[in-house]
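Take a look at the structure below.
Chains as they are written, first to last, in our numbering: chain V, 1 to 116; chain X, 1 to 162.
Shown next as structure tokens:
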């Protein structure tokens, strides 16, 4: 086993660990937005890590895995942004501990009034 | 023409990455397919064209990737800590982030980068305001928000799209 292959396996294990933390976060967080936080960050990093690690273990796949990792980095935040925006438009308000922690609410209320 | 060439080059590079082979047949198929796709899509694919590859910008792209990777790793350690900690130390809220960027591409990249960095998730973009769900709101001051969330990215992007 070469050094590159060992590094590849280490990166795969780190990636899987972050995927696990992402899944755990889904259970522990209080509302849809906080869940999205763990789901976006840990899952993007975890998937990129696993795929990149596979690329190092199998050098002939390296460029393919690199391109896939770039596509994930581009598309994953867009989809989570769309989900978060959709939830907000549906009227789901974020869980907050203090008052006035939602700057978006007045803006959305105003635009809804204008539509009417 | 410059836009068409840019699209063609990017598509061809992606093809090379996926096939990872320099056989003549592969190269010809890739070139023909890239030509066809580029002729349909170059108008929506890029606004700038080949100007994208100027040396100044390549340096900025590398710098941006570097800043971005560090932020991504920090973000993950941060989220991991919050998830593992038994007390669940979060103080979430949605804050308004006023950006100085005007170019739509720049705003998109900024919003995506913010989503992938520590504790922040872009919920909505209205004109020049990004509405960000922040898992641990430490400040309500507009300048403080810019400083805490995206100043590094914004500086590089502003120079890139100048």
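Don't be surprised by glycine CBs; every beta carbon is placed ideally from N, CA and C.
ask   = Are the C-beta atoms of residue 94/X and some chain V residue less than 7 angstroms apart?
value = yes
Chain-ordered neighbours of residue 9/V on chain X, where CB pairs are closer than 8 angstroms = Ordered by position in chain X, no residue passes the 8 angstroms Cβ test against residue 9/V, which lies about 19 angstroms from the chain.
ask   = Using 7 angstroms as the limit for Cβ to Cβ distance, is residue 27/X near chain V?
value = no
key: residue 58/V in three-state terms, based on DSSP   = coil
query = How long is the line joining the alpha carbons of residue 57/X and residue 6/X, rounded to whole angstroms?
reply = 15 angstroms
inquiry  = Checking the sheet assignment: what are the DSSP bridge partners for residue 129/X?
reply    = 98/X and 126/X
ask   = Going by the CB atoms, is the gap between residue 8/V and residue 56/V shorter than 7 angstroms?
value = yes
ask   = Looking at the C-beta of residue 115/V, does it have a partner C-beta in chain X at a distance below 7 angstroms?
value = Reliability of the predicted coordinates at residue 115/V is poor, the pLDDT of 48 falling under 50, and the value obtained from them is presented with this limitation in mind. No - not a single Cβ of chain X is within 7 angstroms of the one on residue 115/V.
task = Using beta-carbon positions only, say whether residue 136/X and residue 85/V come within less than 7 angstroms of one another.
result = no
message = For the structure I just gave you, are there three or more beta carbon pairs, one from the segment 97 to 106 of chain X and one from the segment 81 to 88 of chain X, closer than 8 angstroms?
response = no
query = Listing by chain order, which chain X residues have their CB less than 7 angstroms from the CB of residue 78/V?
reply = 112
inquiry  = Quick check on residue 12/V - is its C-beta less than 7 angstroms from some C-beta in chain X?
reply    = no
Enclosing alpha helix (DSSP H) for residue 43/X [first to last residue] = 24 to 45
request  = Specify the secondary structure class of residue 139/X as computed by DSSP and reduced to three states.
outcome  = coil
query = Which chain X residues sit within Cβ distance under 7 angstroms of residue 44/V?
reply = 116
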